[in-house]
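Residue 691 in my numbering sits at position 570 of the sequence shown, and the numbers go up by one each step.
These notes are about the structure you will find just below.
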Amino acid sequence: MPTAPAEQASHGSLVRRSDIRNIAIIAHVDHGKTTLVDCLLRQSGQFRASQLSGERILDSNDLERERGITILAKNIAVEWKGVKINIIDTPGHADFGGEVERVLRMADGALVLVDAAEGPMPQTRFVLSKALECRLRPVVVVNKIDRPDARPLEVLDEILGLFLELGADDDLADFPFVYASSREGFASHDPAVREGTMEPLLDMVLEKIPGPAIDPIAPLRMLVTTLDWSDYVGRIAIGRIESGTLTKGQGIVRSTAAGTLVPAKAAGVQVFDKLGRIDCDEATAGDIAAVSGLEEVEIGDTICDPIDPRPLPRLAVDEPTLRMVFGINSSPLAGRSGKYLTTLHLRDRLMKELERNVALRVEPIEGSDNFSVSGRGLLHLSVLIETMRREGFEISVGKPRVILRKEEGQTLEPFETLVVEVPHDKLGPVMELTGARRGQLVHMGNRGEFAHAAFSIPARGLIGLRTRVLNATQGTAIMHHRFEKWSPMEGEMAGRANGVLVSMVPGKAVAFGLDGLQERADLFIEPGDEVYEGMIVGENARSEDMIVNPTREKKLTNMRASGSDRNILLKPPRRMSLEEALEYIEEDELVEVTPAVVRLRKMLLSEHDRKRQSRQKETKPAE
122 MPTAPAEQAS HGSLVRRSDI RNIAIIAHVD HGKTTLVDCL LRQSGQFRAS QLSGERILDS
182 NDLERERGIT ILAKNIAVEW KGVKINIIDT PGHADFGGEV ERVLRMADGA LVLVDAAEGP
242 MPQTRFVLSK ALECRLRPVV VVNKIDRPDA RPLEVLDEIL GLFLELGADD DLADFPFVYA
302 SSREGFASHD PAVREGTMEP LLDMVLEKIP GPAIDPIAPL RMLVTTLDWS DYVGRIAIGR
362 IESGTLTKGQ GIVRSTAAGT LVPAKAAGVQ VFDKLGRIDC DEATAGDIAA VSGLEEVEIG
422 DTICDPIDPR PLPRLAVDEP TLRMVFGINS SPLAGRSGKY LTTLHLRDRL MKELERNVAL
482 RVEPIEGSDN FSVSGRGLLH LSVLIETMRR EGFEISVGKP RVILRKEEGQ TLEPFETLVV
542 EVPHDKLGPV MELTGARRGQ LVHMGNRGEF AHAAFSIPAR GLIGLRTRVL NATQGTAIMH
602 HRFEKWSPME GEMAGRANGV LVSMVPGKAV AFGLDGLQER ADLFIEPGDE VYEGMIVGEN
662 ARSEDMIVNP TREKKLTNMR ASGSDRNILL KPPRRMSLEE ALEYIEEDEL VEVTPAVVRL
722 RKMLLSEHDR KRQSRQKETK PAE
């Protein structure tokens with residue numbers, strides 16, 4: 122090929138930049154990534170106190186702050202001893218693996234945080250495996266050594282075991298490490314030392330993580346790994362410049378998913394500085410840059426030199442494992458609190474989400490106004506739903522369904538590794554619940570007062586399991602899961618054991634009507650709540666559904682009997698979160714999501730229609 126000599130020359134002229142480090146922070150959920158970033162920002166000496174007010178500085182998204190998790194990867198930059206350190210804070214939850222996979226492409230090294238008490242957890246394994254695939258140089262941080270139950274030396278041994286288990290070669294398995302407490306703001310090479318600053322960690326980053334390898338004579342190449350949006354300049358493409366120089370106003374070509382080259386112009390170029398981005402005239406190989414002016418740019422595109430275009434391999438992410446049906450809100454109470462109510466609004470919003478969310482799939486459902494939306498897990502999709510709700514959308518969502526595969530005449534389903542930590546006296550219900558959902562115990566151990574159990578379980582079995590396990594263990598269980606493999610589909614799985622109470626009339630619920638129901642049901646509503654025909658208002662104590670009238674009022678008579686006017690005492694209603702509601706519903710039910718409220722309803726609101734459908738299903742096999 123004509124470009125071969127150039128490639129050979131390019132490979133022979135690689136040099137490393139010493140003035141920059143690109144690192145990702147990876148860890149399990151709640152092991153302290155974002156807190157560590159906060160600490161590094163505060164101790165870098167580059168910021169005013171007013172710029173760093175509060176905690177979880179990078180978690181600017183309301184959902185991130187409320188849930189205490191990182192959902193979107195973020196870029197910042199600090200300077201230490203004359204070296205610019207670009208820091209990428211990545212999500213730790215496997216459901217946001219699409220974010221993790223693409224941003225790791227921008228890094229040369231990784232800070233691997235592990236809780237000094239909990240040790241490596243499922244998402245530690247997930248993010249570390251992705252980092253090792255990208256050949257990132259690791260620096261291990263055994264965090265939270267100030268915990269009373271910390272066991273730093275044991276955890277360090279467990280981390281080494283995990284590296285070896287994941288197939289790390291000798292070079293990567295011989296990792297540097299420090300002990301730290303990001304909350305207290307110190308790092309040390311000695312686990313007994315509980316004071317100081319983060320200087321040992323920052324020095325280790327400069328010493329052990331290499332600068333980006335660049336080719337000063339190769340043509341421009343930048344893989345777009347993230348998209349941002351500005352009301353002034355539109356789409357902004359973010360990625361690391363692999364080679365060459367990108368100049369403001371420069372003519373470029375963009376390689377697309379279809380394999381075409383589209384001419385464009387870099388209207389603006391920015392690099393990361395402190396908590397934001399600053400304009401610059403040019404960015405060079407090794408820099409993480411943001412480029413504006415590319416109208417239809419997509420994640421995975423390569424920005425290339427128009428004279429010598431050499432597109433990089435496109436991003437490959439794990440396939441979705443869960444699917445839901447999204448539709449507009451069609452309940453009698455639709456339009457009470459939302460601004461976006463039409464199918465067109467819904468379609469445009471989902472298409473916009475695809476621009477950033479590479480792990481998401483959206484397909485119109487033929488013959489309907491609904492969309493099939495697929496993601497990496499329930500949390501991944503529920504965050505999207507919650508975001509849309511806060512934006513003013515009213516939607517209805519169907520029961521989550523696991524995506525199946527067909528290979529060589531076999532139906533395959535995704536299996537997950539489920540890890541549960543629970544007090545020893547609560548282990549029995551966990552074993553019973555996971556066993557009923559075809560979970561197989563693969564490992565059992567002890568961690569102090571807690572039993573540590575790992576299961577291999579079909580992804581179908583996880584839907585609704587968290588709520589049931591937490592109820593059975595009085596909220597003491599800690600659960601995490603990650604994708605394991607595709608395996609032949611297991612048999613049928615039991616659904617919800619209890620039926621529901623379905624309102625037969627519209628109106629407002631009253632205390633008298635609810636009082637007659639609460640002895641045989643668990644209510645989801647309280648007096649004054651609006652209801653409609655087909656709305657689910659509670660859980661039946663029995664397995665079948667029951668049609669009820671929550672609006673029934675007491676009949677007034679001229680005669681009064683002793684005790685007829687007793688006070689009505691109602692139990693507090695059971696209010697479900699969005700995730701709990703999605704886990705709870707069955708195939709013939711929907712979750713109605715509006716900015717003001719989350720309701721449960723039957724797919725067919727009329728009792729007559731539901732009975733007719735039931736009769737059709739019963740007669741269908743006989744045809």
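Note that CB positions come from ideal geometry on N, CA and C, so glycine has one too.
If contact is defined by three or more beta carbon pairs under 8 Å, each pair taking one atom from either stretch, is the segment 650-662 in contact with the segment 716-729? The segment 716-729 makes contact with the segment 650-662: 3 or more CB pairs, one atom from each, lie closer than 8 Å.
Report yes if the CB atom of valine 446 is closer than 8 Å to the CB atom of glycine 519, and no otherwise. Yes, these two residues count as a Cβ contact at 8 Å.
For a quick check, are the C-beta atoms of valine 626 and threonine 672 less than 8 Å apart? Taking 8 Å as the cut-off, the Cβ atoms of valine 626 and threonine 672 count as close.
Can you check which of these residues, Met667, Cys401 and Ser376, is closest to aspartate 426 by C-alpha distance? Comparing Cα positions, the closest option is Ser376.
Residues bridged to lysine 265 [DSSP beta-bridge criterion]: DSSP, once it has assigned bridges, lists no residue as partnering lysine 265.
For serine 302, list the residues DSSP reports as bridge partners. Assignment of beta-bridge partners to serine 302 by DSSP yields Phe307.
heavy atom of the ligand ADP below 7 Å from methionine 509 C-beta: The ligand ADP is not part of this structure, which contains no ligands at all.
Answer with buried or exposed for isoleucine 668, where buried requires no fewer than 16 other C-beta atoms within 10 angstroms of its C-beta. Isoleucine 668 should be labelled exposed.
Just checking, does the segment 406-421 make contact with the segment 446-466 on the three C-beta pairs under 8 Å criterion? The segment 406-421, when compared against the segment 446-466, does not touch it at the 8 Å Cβ threshold.
Out of Ile209, Leu161, Thr740 and Lys395, which one is the CA nearest neighbour of isoleucine 144? With distances taken between CA atoms, isoleucine 144 lies nearest to Ile209 out of Ile209, Leu161, Thr740 and Lys395.
For arginine 169, count the other beta carbons within 10 Å of its own beta carbon; 16 or more makes it buried, fewer makes it exposed. Which is it? Since pLDDT at arginine 169 reaches only 49, below the 50 mark, its modelled position is unreliable, and the value read off the structure follows with that caveat. Arginine 169 is classed as exposed because its beta carbon has fewer than 16 other beta carbons within 10 Å across all chains shown.
Where glycine 556 sits in the DSSP three-state scheme: Reduced to three states, the DSSP call for glycine 556 is helix.
Quick check: the segment 328-343 against the segment 303-316, are there 3 or more CB pairs under 8 Å? Counting Cβ pairs under 8 Å, fewer than three are found: no touch.
May I have the straight-line CA-CA distance separating glycine 421 from valine 345, to the nearest angstrom? So the alpha carbons of these two residues sit roughly 5 Å apart.
Taking a contact to mean a Cβ-Cβ separation below 8 Å, would you say serine 452 touches glutamate 647 in this structure? The Cβ atoms of serine 452 and glutamate 647 do not sit closer than 8 Å to each other.
On the criterion of 16 or more Cβ atoms from any shown chain inside 10 Å, does histidine 729 qualify as buried, or is it exposed? Result: exposed.
Within this structure, are the beta carbons of alanine 289 and leucine 253 separated by less than 8 Å? Taking 8 Å as the Cβ cut-off, alanine 289 and leucine 253 qualify as a contacting pair.
Cβ-Cβ separation, phenylalanine 298 to leucine 277 (assumed contact under 8 Å), whole Å: At roughly 6 Å, the Cβ-Cβ gap stays under 8 Å, so leucine 277 and phenylalanine 298 are in contact.
Kindly indicate which three-state DSSP category serine 174 falls into: helix, strand or coil? In this prediction, serine 174 scores a pLDDT of 46, lower than 50, which makes its location untrustworthy; the coordinate-derived value is nonetheless stated afterwards. Coil, per DSSP.
Pair every Cβ in the segment 225-232 with every Cβ in the segment 254-268, then say whether three or more of these pairs are closer than 8 Å. Inter-segment contact for the segment 225-232 and the segment 254-268 is present: three or more beta-carbon pairs are separated by less than 8 Å.
Pick from Gln244, Val136, Val551 and Asp352 that is closest to histidine 149, judged by C-alpha positions: The shortest CA-to-CA distance from histidine 149 to any of Gln244, Val136, Val551 and Asp352 is the one to Gln244.
Residues in its own chain within less than 6 Å of glutamine 371 by CB, not counting five upstream and five downstream? Cβ neighbours of glutamine 371 beyond the five flanking positions: Ala387.
Classification of leucine 135 by the beta-carbon crowding that lies within 10 angstroms, buried from 16 upward: Leucine 135 sits exposed, since fewer than 16 C-beta atoms from the chains shown fall within 10 Å of its C-beta.
Any idea what DSSP makes of arginine 315, helix, strand or coil? Annotated three-state conformation of arginine 315 is coil, per DSSP.
To the nearest angstrom, how far is the alpha carbon of leucine 415 from that of arginine 361? Straight through space, the alpha carbons of arginine 361 and leucine 415 are spaced by roughly 16 Å.
Out of Pro716, Arg587, Asp636 and Pro579, state which residue places its alpha-carbon closest to the alpha-carbon of glycine 612. For the residues Pro716, Arg587, Asp636 and Pro579, the minimum Cα distance to glycine 612 belongs to Pro579.
Reduced DSSP secondary structure (H/G/I, E/B, other) of valine 345: For valine 345, the three-state secondary structure derived from DSSP is coil.
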